[in-house]
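There are 2 protein chains.
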Amino acid sequence: MAVSKCSRLSGASVKHLLDSVDCVLFDCDGVIWRGDQAIPGAAQVIHLLKENGKKVFFVTNNSTKTRRMYAEKMSTLGFDVKEHEVFGTAYCCAMYLKTVCKLEGKVYLVGSDAMKQELEAVGIQQTGVGPDLIAGKQADWANVPLDPVVKAVVVGFDQHFSYMKLNRALQYLTQQDCLFVGTNRDTRLPLEGGKAVPGTGCLLQAVETAAQRRAQTVGKPNHYMFDCVASQFGVDPERCLMVGDRLDTDIMLGSNCSLKTLLTLTGVSTLADAEAHQKSGCAERQGMVPDYYVESIADLLPALQG
Amino acid sequence: MAVSKCSRLSGASVKHLLDSVDCVLFDCDGVIWRGDQAIPGAAQVIHLLKENGKKVFFVTNNSTKTRRMYAEKMSTLGFDVKEHEVFGTAYCCAMYLKTVCKLEGKVYLVGSDAMKQELEAVGIQQTGVGPDLIAGKQADWANVPLDPVVKAVVVGFDQHFSYMKLNRALQYLTQQDCLFVGTNRDTRLPLEGGKAVPGTGCLLQAVETAAQRRAQTVGKPNHYMFDCVASQFGVDPERCLMVGDRLDTDIMLGSNCSLKTLLTLTGVSTLADAEAHQKSGCAERQGMVPDYYVESIADLLPALQG
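Chains as they are written, first to last, in numbering that gives the first Met the number 0: chain H, 0 to 305; chain A, 0 to 305.
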């Protein structure tokens with residue numbers, strides 16, 4: 000536990016922190032890249048962490064890419080990253096259904112083609128991916144055909160989200176023993192220039208409201224994301240650092256799993272946000288206060304080069 | 000104020016209640032009809048109330064029909080109802096924008112063709128009705144073309160609800176001075192046989208989550224629905240009875256506006272639901288306890304015929 004939380008990491012304290020960990024988890028967007036641009040110095044930081052014997056993993060709530068797609072994007076941006084080091088919610092969701100839920104049956108998927116691929120990679124079939132629109136003038140919504148072997152509704156990011164999908168999810172979820180899993184609750188995907196588009200949280204909330212049920216989510220801040228890494232690579236939480244740009248997902252995940260936490264200011268959350276949580280006196284909000292912060296993960300470079 | 004709430008209305012107490020009011024508001028689905036079937040005796044009740052000099056109005060959260068469409072459906076089912084006696088949320092929403100908000104500009108409408116017609120009837124133009132899908136493989140969602148004269152986002156029931164509509168609503172709502180209005184928050188539309196489909200509340204919640212703003216709703220239980228009737232017909236709340244089948248919308252509207260309230264058991268809510276609210280000791284839930292209940296509004300017939 001840090002003596003004083005939310006302190007700026009610089010000089011000797013960087014080396015001290017890095018010496019205290021064997022494993023570093025990075026969020027992606029806003030941390031190692033922004034959109035399609037690598038954060039300057041980020042590739043070198045990751046390379047040097049590995050050279051220094053650290054395990055490095057990437058944990059992202061984005062469900063629109065498979066591990067392979069992530070590894071390819073990373074390679075294009077100059078990062079030395081292997082597929083098995085990437086934990087996106089498309090992959091983690093498939094693993095959760097397979098290993099935790101031990102799902103026998105199909106998934107009704109409100110989600111992307113990447114999610115379909117990750118599900119199929121662990122042997123789970125899906126139905127639902129792609130457009131699903133109202134047929135004709137007024138469909139008999141309550142009696143839409145359902146696949147009898149569907150045993151789970153899974154909601155991730157879906158650019159084809161529609162009233163019909165919402166309705167079909169509701170019809171499945173009113174059946175007994177139908178699991179309900181969401182990738183994450185991020186309400187917005189922030190873009191360059193202060194713009195944003197609706198996130199998976201909006202879609203999930205619509206389905207939850209219709210179904211009058213709450214989904215289990217696998218993404219940050221839920222601990223499953225870390226469990227998934229730890230179960231495969233034997234990570235000791237005490238000697239693991241979570242680096243992220245969002246207090247409510249990245250830093251909260253770290254707090255939930257007793258990891259050390261580092262906020263980088265190249266993304267969504269600001270230092271003022273972190274300080275507001277710290278000063279709030281609210282116990283729940285303390286989980287969103289990072290142990291340390293840096294302007295950019297490039298601030299780790301001098302200690303790694305030294 | 001009733002001495003003892005939630006009492007069964009029968010015998011002499013029916014006449015006593017009807018003598019104490021000049022105006023009766025009815026919800027429609029579950030009260031005077033179910034789906035496409037009139038509740039037996041309902042048409043005669045309404046006819047006799049009018050013969051006895053009562054003003055009768057219909058207040059419904061359903062936003063998929065214009066006043067005219069309602070009057071036509073009612074006529075088909077044997078009810079003697081005039082267009083101006085029907086207050087649906089398509090009409091009330093248009094009136095709210097016109098008279099309360101004094102909207103100057105266009106509406107971005109997530110809603111039905113009926114809503115478009117009611118808006119146009121009061122001189123408000125809209126954009127958005129009908130399908131709006133993702134074009135191409137990956138749209139530049141944050142930069143979708145916006146209509147510069149849109150000054151309000153309105154969300155009602157929309158069978159064409161899609162990710163693109165959710166996104167477009169978000170883009171409008173991040174603009175300064177853009178109003179945000181919803182027809183109602185009903186989470187489900189109940190159908191015969193215990194089935195249900197997603198209601199407007201699901202769509203509204205998705206937009207609210209994306210926009211990080213709360214919409215003003217015009218439908219029940221918001222008092223605007225009653226204000227709209229009262230402003231046109233000079234109704235005294237003390238001498239007005241609200242008849243409905245849903246505690247959270249119909250009976251709550253009555254409580255919010257100090258009307259007398261009557262639950263009819265031909266629809267969604269049960270007597271056990273009402274009693275649970277009464278026994279809860281929770282102040283907010285007392286607003287969902289009706290003054291009286293009947294098995295069906297046909298129970299009013301003997302007093303009206305006598």
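Built from N, CA and C at the ideal position, the CB exists for glycine as well.
Sub-8 Å separation of L264 (chain H) and Y223 (chain H) beta-carbons | The residue you call residue 264 (chain H) lines up with position 265 of the first sequence. The residue you call residue 223 (chain H) lines up with position 224 of the first sequence. Not closer than 8 Å, so no.
Quick one: what does DSSP say C22 (chain A) is sitting in, helix, strand or coil?
-> As a working note, residue 22 (chain A) is residue 23 in the second sequence. Strand.
Is the shortest distance between the beta-carbon of V196 (chain H) and the beta-carbons of chain A less than 8 Å?
-> The sequence position of residue 196 (chain H) within the first sequence is 197, counting from 1. Yes - at least one Cβ of chain A is within 8 Å of the one on V196 (chain H).
Three-way DSSP call (helix, strand, coil) for V106 (chain A) in this model | By 1-based counting over the second sequence, the position of residue 106 (chain A) is 107. Three-state result, V106 (chain A): strand.
In three-state terms, what does DSSP make of S9 (chain H)?
-> Sequence index remark: in the first sequence, residue 9 (chain H) carries index 10 (1-based). In this structure, S9 (chain H) counts as coil in the three-state DSSP scheme.
Using a C-beta cutoff of 8 Å, does A271 (chain A) count as contacting chain H?
-> Numbered from 1 along the second sequence, position 272 holds the residue referred to as residue 271 (chain A). Judged by the 8 Å Cβ criterion, A271 (chain A) is not in contact with chain H.
Would you say Y90 (chain H) reaches chain A, if we count a Cβ-Cβ gap shorter than 8 Å as a contact?
-> As a position in the first sequence, residue 90 (chain H) is number 91, starting the count at 1. So, not an interface residue.
Identified DSSP bridge partners for L262 (chain H) = What you label residue 262 (chain H) is simply residue 263 of the first sequence in a count that begins at 1. Paired residue(s): H:G243 and H:Y292.
Mind checking whether V153 (chain H) and V99 (chain H) have CB atoms under 8 Å apart?
-> Start at 1 with the first residue of the first sequence, and residue 153 (chain H) comes out as number 154. Start at 1 with the first residue of the first sequence, and residue 99 (chain H) comes out as number 100. Cβ distance not < 8 Å, so V153 (chain H) and V99 (chain H) don't count as in contact.
Under 7 Å Cβ-Cβ, which residues of chain H neighbour T157 (chain A)?
-> Working through the second sequence from its first residue, we reach residue 157 (chain A) at position 158. A small correction: the amino acid at residue 157 (chain A) is Asp; Thr does not occupy that position in the sequence shown. Per Cβ cutoff of 7 Å: Y162.
Taking 8 Å as the cut-off, decide whether the C-beta atoms of T208 (chain A) and Q204 (chain H) are in contact.
-> Here the question's residue 208 (chain A) lines up with position 209 in the second sequence. Here the question's residue 204 (chain H) lines up with position 205 in the first sequence. Yes, they are a contact pair.
So D21 (chain A) and K64 (chain A) are in contact, right, with Cβ under 8 Å, and what is the actual spacing, rounded?
-> Looking up residue 21 (chain A) in the second sequence gives position 22. Looking up residue 64 (chain A) in the second sequence gives position 65. No, D21 (chain A) and K64 (chain A) are not in contact; Cβ-Cβ is about 27 Å, not under 8 Å.
Please confirm if G205 (chain H) has its CB atom under 8 Å from at least one CB of chain A.
-> Your numbering for residue 205 (chain H) matches position 206 in the first sequence. Looking at the sequence shown, residue 205 (chain H) is not Gly but Ala. Cβ-Cβ to chain A under 8 Å: yes for A205 (chain H).
Contact set for Q304 (chain H): own chain, Cβ-Cβ below 8 Å, skip 5 residues either direction = By one-based count along the first sequence, residue 304 (chain H) stands at place 305. Excluding positions up to five away in sequence, the list reads L47.
Sorted by chain position, which residues of the same chain lie with C-beta nearer than 8 Å to G122 (chain A)'s C-beta, five sequence neighbours on each side aside?
-> Locating residue 122 (chain A) in the second sequence gives position 123, counting from the first residue. These residues qualify, in order along the chain: K97.
If you follow the alpha helix (DSSP H) that V55 (chain A) is part of, which residue opens it and which one closes it?
-> Within the second sequence, numbered from 1, the residue matching residue 55 (chain A) stands at position 56. Premise fails: V55 (chain A) lies in the beta strand (DSSP E), K54 to T59, not in any alpha helix (DSSP H).
Is the number of C-beta pairs between the region 10-21 of chain A and the region 263-277 of chain A that are closer than 8 Å three or more?
-> no
What residues from chain A crowd round T186 (chain H), counting only those whose CB sits closer than 8 Å?
-> Numbered from 1 along the first sequence, position 187 holds the residue referred to as residue 186 (chain H). Per Cβ cutoff of 8 Å: T208, A209 and Q211.
For G34 (chain A), which residues of its own chain have a beta-carbon under 8 Å away from its beta-carbon, when the five flanking residues on both sides are left out?
-> Numbered from its first residue, the second sequence carries residue 34 (chain A) at position 35. So the qualifying residues of the chain are D28, L190 and E191.
How long is the line joining the alpha carbons of T260 (chain H) and L261 (chain A), rounded to whole angstroms?
-> Stepping through the first sequence from its first residue, residue 260 (chain H) is reached at position 261. Stepping through the second sequence from its first residue, residue 261 (chain A) is reached at position 262. Rounded to the nearest angstrom, the two C-alpha atoms are 57 Å apart.
Could you tell me whether the Cβ of C201 (chain H) comes closer than 8 Å to any Cβ of chain A?
-> By 1-based counting over the first sequence, the position of residue 201 (chain H) is 202. Closer than 8 Å: yes.
Assuming A89 (chain H) contacts G155 (chain H) under a Cβ cut-off of 8 Å, what Cβ separation, rounded to an integer in Å, is found between them?
-> Position 90 of the first sequence, counted from the first residue, corresponds to residue 89 (chain H). Position 156 of the first sequence, counted from the first residue, corresponds to residue 155 (chain H). The Cβ separation is near 7 Å, so the contact holds.
Please confirm if L8 (chain A) has its CB atom under 8 Å from at least one CB of chain H.
-> As a position in the second sequence, residue 8 (chain A) is number 9, starting the count at 1. L8 (chain A) does not count as touching chain H.
Verify the CB distance criterion: does L261 (chain A) have a CB-CB separation below 8 Å to chain H?
-> To locate residue 261 (chain A), count along the second sequence from 1; it is residue 262. By this cut-off, L261 (chain A) is not an interface position.
Ignore the nearest five residues each way along the sequence and tell me which others in G286 (chain H)'s own chain have a CB closer than 6 Å to its CB.
-> Taking the first sequence and counting its residues from 1, one reaches residue 286 (chain H) at position 287. Only M251 and S254 meet the Cβ criterion.
Helix, strand or coil: which one does DSSP assign to A1 (chain A)?
-> As a position in the second sequence, residue 1 (chain A) is number 2, starting the count at 1. Here the model assigns A1 (chain A) a pLDDT of 42, short of 50, so the residue's position is not dependable, and the following value carries that caveat. Three-state DSSP puts A1 (chain A) in coil, outside helix and strand.
Starting from L190 (chain A), find everything on chain H with Cβ-Cβ shorter than 8 Å and list it in chain order.
-> As a working mapping, residue 190 (chain A) is identified with position 191 in the second sequence. Within 8 Å Cβ-Cβ: A141.
Start and end of the alpha helix (DSSP H) containing G253 (chain A)?
-> Taking the first residue of the second sequence as position 1, residue 253 (chain A) is located at position 254. From DSSP, the alpha helix (DSSP H) with G253 (chain A) extends over M251 to N255.
Status (buried if at least 16 other CB within 10 Å, exposed otherwise) for F232 (chain A) = The count along the second sequence starts at 1 and reaches residue 232 (chain A) at position 233. Exposed, since its Cβ has fewer than 16 Cβ neighbours within 10 Å.
Could you tell me if V148 (chain H) is buried or exposed, where buried requires 16 or more neighbouring beta carbons within 10 angstroms of its beta carbon?
-> For the purposes of this step, residue 148 (chain H) is taken as the residue at position 149 of the first sequence. Its Cβ having fewer than 16 others within 10 Å, V148 (chain H) is exposed.
Can you list the residues of chain H that N166 (chain A) reaches, using a CB-CB cut of under 8 Å?
-> Taking the first residue of the second sequence as position 1, residue 166 (chain A) is located at position 167. What N166 (chain A) touches in chain H: V196 and P197.
Span of the beta strand (DSSP E), counted from its first residue to its last, around G127 (chain A) = Within the second sequence, numbered from 1, the residue matching residue 127 (chain A) stands at position 128. G127 (chain A) -> no beta strand (DSSP E), and no H or E assigned at all.
What do you get for P39 (chain H), buried or exposed, if any count of 16 or more other CB atoms within 10 angstroms of its CB means buried?
-> Translated into the one-based positions of the first sequence, residue 39 (chain H) becomes position 40. Under this definition P39 (chain H) is an exposed residue.
When the Cα atoms are used, what is the spatial distance from T75 (chain H) to E82 (chain H)?
-> Numbered from 1 along the first sequence, position 76 holds the residue referred to as residue 75 (chain H). Numbered from 1 along the first sequence, position 83 holds the residue referred to as residue 82 (chain H). Between T75 (chain H) and E82 (chain H), the C-alpha separation is close to 13 Å.
Classify L145 (chain H) as buried or exposed, calling it buried when 16 or more other Cβ atoms lie within 10 Å of its own Cβ.
-> Counting from one through the first sequence, the residue named residue 145 (chain H) turns up at place 146. Result: exposed.
Residue span of the alpha helix (DSSP H) that contains A113 (chain A), given as start and end | The residue you call residue 113 (chain A) lines up with position 114 of the second sequence. Residues D112 to A120.
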